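Note that numbering that gives the first Met the number 0 gives residue 38 to position 39 of the sequence shown, counting from 1, and the numbers run on in steps of one. Using N, Cα and C, we set each Cβ at its ideal position, and we do this for glycine too. Since we're looking at a predicted model, the values are computed, not measured. Here the structure comes first, spelled out in structure tokens, and everything after it is commentary.
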Amino acid sequence: MNPNVKIIEEKVLSNNWYVLKKIIFDYRNHKGEWQTQAREAYDRGNGATILLYNKESRTVVLTEQFRMPTYINGNESGMLIEACAGLLDKDNPEDCIRRETQEETGYRIGEVKKVFEAYMSPGSVTEILYFFIAAYTKEMKVNEGGGAEDEQENIDVLEIDFQKALEMINTGEIKDGKTIMLLQYAKINDLL
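Here you go:
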């Protein structure tokens with residue numbers, strides 16, 4: 000543990016959907032002075048995300064669904080194009096992403112490759128996200144996807160030309176951070 004941090008108090012502010020805590024702590028700054036600070040941290044668990052890609056057709060599989068937080072922050076339709084993703088729910092990241100891929104996209108994938116992990120909003124959210132890539136073929140499609148009914152998911156599965164997906168970042172049609180990161184990873188590493 001960091002000797003420059005001493006947690007004084009943790010208070011649960013909300014435990015409705017996930018857990019929102021207020022944390023009061025002492026922090027020793029770079030001058031060696033102790034300061035008492037307070038921050039809120041939203042704990043929704045850790046997650047995994049994946050970019051499915053097909054080298055032959057030069058396509059990627061993405062999803063589209065309604066996201067309320069984007070709707071109340073200027074996204075007129077609330078619809079967001081994203082890479083498949085989900086919370087670990089006590090699984091390891093690879094098992095999680097295999098489950099989510101089949102639930103959301105309908106593809107039962109073979110080999111997956113973890114490419115990196117990242118904190119997506121470290122100023123307020125505890126989540127670390129594990130990023131994967133996997134090749135797909137039409138033969139891997141085992142169902143329609145669309146998400147889990149008990150989670151009230153209503154997901155559309157999109158197969159998009161890779162160059163078109165990159166252009167969609169510039170046009171603002173793709174605004175999801177994890178998706179942009181995976182598409183840029185694919186470009187930088189010449190996956191397609």
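key: Buried versus exposed call for Ala164 [16 or more other C-beta atoms within 10 Å across all chains shown]   = Within the sequence shown, numbered from 1, the residue matching residue 164 stands at position 165. Counting the other CB atoms within 10 Å of its CB gives Ala164 a total of 16 or more, which places it among the buried residues.
ask   = Who does Trp33 pair with in a DSSP beta bridge?
value = As a working note, residue 33 is residue 34 in the sequence shown. Arg27.
task = Please name the residue in Met0, Gly145, Ile49, Glu9 whose C-alpha comes closest to that of Ala185.
result = Residue 185 sits at position 186 when you count from the first residue of the sequence shown. It is Ile49 whose Cα lies nearest to the Cα of Ala185.
message = Looking at the secondary structure, which residues open and close the beta strand (DSSP E) in which Thr136 lies?
response = The count along the sequence shown starts at 1 and reaches residue 136 at position 137. Run containing Thr136: none; DSSP gives neither H nor E here.
Validate contact between the segment 78-94 and the segment 164-184 using beta carbons, cut 8 Å, 3 pairs = Yes: the two stretches touch, three or more of their Cβ pairs being nearer than 8 Å.
ask   = Can you list the beta strand (DSSP E) stretches of 3 or more residues lying completely in the segment 0-25, in chain order?
value = Complete beta strand (DSSP E) runs here, min 3: 4-13.
ask   = Among Asp149, Gly144, Phe130, which one has its Cα closest to the Cα of Leu182?
value = Taking the sequence shown and counting its residues from 1, the one referred to as residue 182 is at position 183. Comparing Cα positions, the closest option is Phe130.
task = Measure the Cβ-Cβ separation of Thr35 and Asp25 and say whether it is below 8 Å.
result = Position 36 of the sequence shown holds residue 35. Position 26 of the sequence shown holds residue 25. Taking 8 Å as the cut-off, the beta carbon of Thr35 is found closer than this to the beta carbon of Asp25.
key: Three-state class that DSSP yields for Asn72 in the structure shown   = Taking the first residue of the sequence shown as position 1, residue 72 is located at position 73. Asn72: coil per DSSP, three-state reduction.
ask   = In or out: Ile7 buried (at least 16 other Cβ within 10 Å) or exposed?
value = Your numbering for residue 7 matches position 8 in the sequence shown. Burial call: exposed.
ask   = What are the partner residues of Ala84, as DSSP defines its beta bridges?
value = Along the sequence shown, one-based indexing puts residue 84 at 85. Its beta-bridge partners are Thr48.
key: Per-residue DSSP class, three states only, for Gln61   = For the purposes of this step, residue 61 is identified with residue 62 of the sequence shown, where counting begins at 1. In the sequence as presented, Gln is not what sits at residue 61; that position holds Leu. In this structure, DSSP gives Leu61 an extended state, which the three-state scheme calls strand.
ask   = Which residues mark the beginning and the end of the beta strand (DSSP E) in which Met117 is found?
value = Within the sequence shown, the letter at position 118 stands for residue 117. Position check: residue 117 holds Ala in this sequence, whereas Met was assumed. Residues 112-118.
task = Return helix, strand or coil for Arg98, following the three-state DSSP convention.
result = The count along the sequence shown starts at 1 and reaches residue 98 at position 99. Reduced to three states, the DSSP call for Arg98 is helix.
query = Based on Cα-Cα distance, which residue from Thr125, Cys95, Gln64, Glu32 lies nearest to Lys20?
reply = Walking along the sequence shown from the start, residue 20 turns up at place 21. Per the C-alpha coordinates, the member of Thr125, Cys95, Gln64, Glu32 positioned closest to Lys20 is Thr125.
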